[in-house]
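Asker: Going by the working numbering, 261 is the number at position 248 of the sequence shown; the sequence numbering is gapless.
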Amino acid sequence: MDIVEQVRQNLKEALRYISDRMVGEIDVGIILGSGLGRLVDIVEDPITFPYGEIPHFPRSTTEGHMGNLVIGKLIDKRVAIMQGRFHHYEGYTSAGISFPIRVLKGLGIKTLIITCAAGGIRSDLKQGDIMAITDQINLMGTNPLIGPNDDEFGPRFVDMAEAYDGGLLATARAAAIQEGIDLKEGVYVGVLGPSYETPAEIRFLSTIADVVGMSMVPEVIVARHSGVSVLGLAVVTNTPDSKHKVSHDEVLVEAQKSSGRLIKLIVNVLEDI
Numbered sequence: 014m015d016i017v018e019q020v021r022q023n024l025k026e027a028l029r030y031i032s033d034r035m036v037g038e039i040d041v042g043i044i045l046g047s048g049l050g051r052l053v054d055i056v057e058d059p060i061t062f063p064y065g066e067i068p069h070f071p072r073s074t075t076e077g078h079m080g081n082l083v084i085g086k087l088i089d090k091r092v093a094i095m096q097g098r099f100h101h102y103e104g105y106t107s108a109g110i111s112f113p114i115r116v117l118k119g120l121g122i123k124t125l126i127i128t129c130a131a132g133g134i135r136s137d138l139k140q141g142d143i144m145a146i147t148d149q150i151n152l153m154g155t156n157p158l159i160g161p162n163d164d165e166f167g168p169r170f171v172d173m174a175e176a177y178d179g180g181l182l183a184t185a186r187a188a189a190i191q192e193g194i195d196l197k198e199g200v201y202v203g204v205l206g207p208s209y210e211t212p213a214e215i216r217f218l219s220t221i222a223d224v225v226g227m228s229m230v231p232e233v234i235v236a237r238h239s240g241v242s243v244l245g246l247a248v249v250t251n252t253p254d255s256k257h258k259v260s261h262d263e264v265l266v267e268a269q270k271s272s273g274r275l276i277k278l279i280v281n282v283l284e285d286i
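(1) Mind pulling the beta strand (DSSP E) runs of 3 or more residues that sit fully within the stretch 78-115?
(2) Could you tell me the distance, in whole angstroms, from the CA atom of L117 to the CA atom of A93?
(3) My parser needs the beta strand (DSSP E) runs of 3 or more residues fully inside the stretch 127-198; what are they?
(4) Based on DSSP bridge pairs, tell me the residues matched to N251.
(5) Any idea which residues DSSP pairs V243 with across the strands?
(6) So, is Q149 buried or exposed, given that buried needs 16 or more other C-beta atoms within 10 angstroms?
(7) Look at the alpha carbon of D285 and the alpha carbon of V83, and state the distance between them as a whole number of angstroms.
(8) Could you check whether the stretch 123-137 touches the stretch 29-37, counting it as contact only if at least three pairs of C-beta atoms, one from each stretch, sit closer than 8 Å?
(9) In angstroms, rounded to a whole number, what distance separates the CA positions of L218 and L205?
(10) Looking at the strands, I want to know which residues DSSP matches up with V56.
(11) Below 8 Å, can you find three or more Cβ-Cβ pairs linking the stretch 182-196 to the stretch 93-109?
(12) Here's the rule I'm using: 16 or more other beta-carbon atoms within 10 Å means buried, otherwise exposed. How should A222 be labelled?
(13) Counting Cβ pairs closer than 8 Å, one from the stretch 239-250 and one from the stretch 164-178, do we hit at least three?
(14) For the beta strand (DSSP E) containing V225, name the first residue and the last one.
(15) Please classify F99: is it buried, with 16 or more other beta-carbons within 10 angstroms of its beta-carbon, or exposed?
(16) Along the beta strand (DSSP E) that carries L45, what are the first and last residues, could you check?
(17) On the three-pair Cβ rule with 8 Å, is the stretch 148-165 touching the stretch 273-280?
(18) Three or more C-beta pairs under 8 Å: does that hold for the stretch 224-241 against the stretch 103-114?
(19) DSSP puts F62 in a beta bridge; with which residues?
(20) Buried or exposed: which applies to K197, given that a residue is buried once 16 or more other Cβ atoms fall within 10 Å of its Cβ?
(21) Do N151 and G203 have their C-beta atoms within less than 7 Å of each other?
(22) Measure the C-alpha to C-alpha separation of K90 and A213 and round it to an integer number of angstroms.
(23) Going straight from the alpha carbon of D58 to that of K86, what length do you get?
(24) With a CB to CB cut of under 8 Å and the five nearest residues on each side skipped, what residues in its chain are close to Y64?
(25) With 16 other CB atoms within 10 Å as the buried threshold, where does G273 fall?
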């Protein structure tokens, strides 16, 4: 069995497992980053699928990523929420990271809301800020579409001129005004990690982007390859002028502090999608 056929088979098995336990298609997929998993607490009639139970699904190994796919109703939308994600630094290939996006697409999503914790590198950003991502830069040194292309999934060469959907961005702006949230906007640059950036790297990255993180980029590429529209929201959890050394514990604490405002923003966005 070649790679394309293997991926198709794995996807069928994962979708069959989930579909046998739920009814109907999903409207919106949501990926929750480090420390941002509380959104699932307000999902109605949730069905929880631990990642370890879904055939061929990766497992989250990073603290702050619960490792569940939660399907239910939020506002008037059927949602599939990934409570935790995957990263290259955990040892996963691009194909492994992108597989859950294929699953979400197979469940019927047309819109994907992705959240993450990120380091602020623009001088006006501070801990706790929420940023709508307007564009991205891939400095991970790889791409999830490398290898044989499956035309059933998407085209060989993907137009990334609008990686993040302009209409969804406008909806997020309006939602932020309604909720009284000072929504920042900017460019996200993705790096491999897991080490945090050196001062020299931060100076370099500040010339090309506004926030930096270790995720998002592969997921967005695969979503766009699949024809799914994307809204990206980053919580700024640390900045270069933080008073102490950056740690993952600090990232989790700051993300959790901002999760309430982020939840309000996402709920408001869902009302208008």
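We put the beta carbon where it would ideally sit given N, CA and C, even for glycine.
Answerer: With the structure as the only source:
(1) 81-87, 90-96
(2) As a first step, residue 117 must be located in the sequence shown, where it is residue number 104. As a first step, residue 93 must be located in the sequence shown, where it is residue number 80. Those two C-alpha atoms are separated by around 7 Å.
(3) 143-151
(4) The residue labelled residue 251 in the question sits at position 238 within the sequence shown. BP columns for N251 point to G132.
(5) Walking along the sequence shown from the start, residue 243 turns up at place 230. Beta-bridge pairing links V243 to L125.
(6) To locate residue 149, count along the sequence shown from 1; it is residue 136. Per the 10 Å Cβ criterion, buried.
(7) On the sequence shown, position 272 is the one that residue 285 refers to. On the sequence shown, position 70 is the one that residue 83 refers to. Straight-line Cα distance between these residues: approximately 22 Å.
(8) no
(9) The residue you call residue 218 lines up with position 205 of the sequence shown. The residue you call residue 205 lines up with position 192 of the sequence shown. Cα to Cα, the separation comes out at about 14 Å.
(10) Counting from 1 along the sequence shown, the entry for residue 56 is found at position 43. Partner(s): none; V56 has no beta bridge.
(11) no
(12) Against the sequence shown, residue 222 aligns to sequence position 209. Classification of A222: buried, given that the 10 Å Cβ count is 16 or more.
(13) yes
(14) Within the sequence shown, residue 225 is the residue found at index 212, counting from 1. 224-226 is the span of the beta strand (DSSP E), which, as asked, contains V225.
(15) Within the sequence shown, the letter at position 86 stands for residue 99. Looking at its Cβ environment, which holds 16 or more other Cβ atoms inside 10 Å, F99 is buried.
(16) To locate residue 45, count along the sequence shown from 1; it is residue 32. First-last of the beta strand (DSSP E) with L45: 41-45.
(17) no
(18) yes
(19) The count along the sequence shown starts at 1 and reaches residue 62 at position 49. L82, per the DSSP bridge assignment.
(20) As a working mapping, residue 197 is identified with position 184 in the sequence shown. It is buried - the Cβ of K197 has at least 16 other Cβ atoms within 10 Å.
(21) Here residue 151 refers to the residue found at position 138 of the sequence shown. Here residue 203 refers to the residue found at position 190 of the sequence shown. Yes, they are a contact pair.
(22) What you label residue 90 is simply residue 77 of the sequence shown in a count that begins at 1. What you label residue 213 is simply residue 200 of the sequence shown in a count that begins at 1. When rounded, the distance between both Cα atoms is 45 Å.
(23) Numbered from its first residue, the sequence shown carries residue 58 at position 45. Numbered from its first residue, the sequence shown carries residue 86 at position 73. Roughly 7 Å between the two C-alpha positions.
(24) Counting from 1 along the sequence shown, the entry for residue 64 is found at position 51. Within the same chain, Y64 has close Cβ partners F70, P71, R72, S73, G80, N81, L82, G97.
(25) Counted from its first residue, the sequence shown places residue 273 at position 260. G273 is exposed by the Cβ-count criterion.
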